[in-house]
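A.B. asks: Shown below is the structure under consideration.
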Amino acid sequence: ISDNDQCFRKKNAQEAQKLQKNFKDITRNTPCNVGDQACIGKDFAQCAQKDKWSIIPCGNNLVCVVLPLVQKRDTIDDQNSRIQDSLKAAEGC
104 ISDNDQCFRK
114 KNAQEAQKLQ
124 KNFKDITRNT
134 PCNVGDQACI
144 GKDFAQCAQK
154 DKWSIIPCGN
164 NLVCVVLPLV
174 QKRDTIDDQN
184 SRIQDSLKAA
194 EGC
């Protein structure tokens, strides 16, 4: 593994830790924007409409956590942007 790979992995890990910490303050009543994603408690949540979280319970013995990517540089913001772009591109389908 090159030094460059180690650097982006470290940055991804730091961003994952930051997101996980931020999620601790989010509740089902926290304002959100459509497309936002978070862990609320042990469950996955996605903002389905302005300021309304859709909670998706995790299965038995599973919890929602933030994990860093290890193969490339990325953030959840990049992921959300790509998902939204794909959804917009497929609006006529």
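Counted the way the numbering used here counts, the sequence shown spans residues 104 to 196. Glycine included, each C-beta is placed from N, C-alpha and C at the ideal position.
1) Helix, strand or coil, according to DSSP, for K145 in the structure here?
2) Select from N132, F111, T133 and V166 the residue whose C-alpha is nearest the C-alpha of F147.
3) Determine, using beta carbons only, whether N136 and L172 come nearer to each other than 8 Å.
4) Could you tell me if A141 is buried or exposed, where buried requires 16 or more neighbouring beta carbons within 10 angstroms of its beta carbon?
5) Can you tell me whether L170 is buried or exposed, with buried defined as 16 or more other CB within 10 angstroms of its CB?
6) Between which two residues does the beta strand (DSSP E) containing I158 stretch?
C.D. replies: Walking through what the data contain:
1) Here residue 145 refers to the residue found at position 42 when the sequence shown is read from its first residue. Under the three-state reduction of DSSP output, K145 falls in the coil class, being neither helix nor strand.
2) Along the sequence shown, read from residue 1 onward, the residue named residue 147 stands at position 44. Ranked by Cα distance from F147, the options N132, F111, T133 and V166 are led by V166.
3) Here the question's residue 136 lines up with position 33 in the sequence shown. Here the question's residue 172 lines up with position 69 in the sequence shown. In this structure, the beta-carbon distance from N136 to L172 does not fall below 8 Å.
4) Looking up residue 141 in the sequence shown gives position 38. With 16 or more other Cβ atoms within 10 Å, it is buried.
5) Along the sequence shown, one-based indexing puts residue 170 at 67. That one is exposed.
6) The residue given as residue 158 occupies position 55 in the sequence shown. Here the beta strand (DSSP E) through I158 covers K155 to I159.
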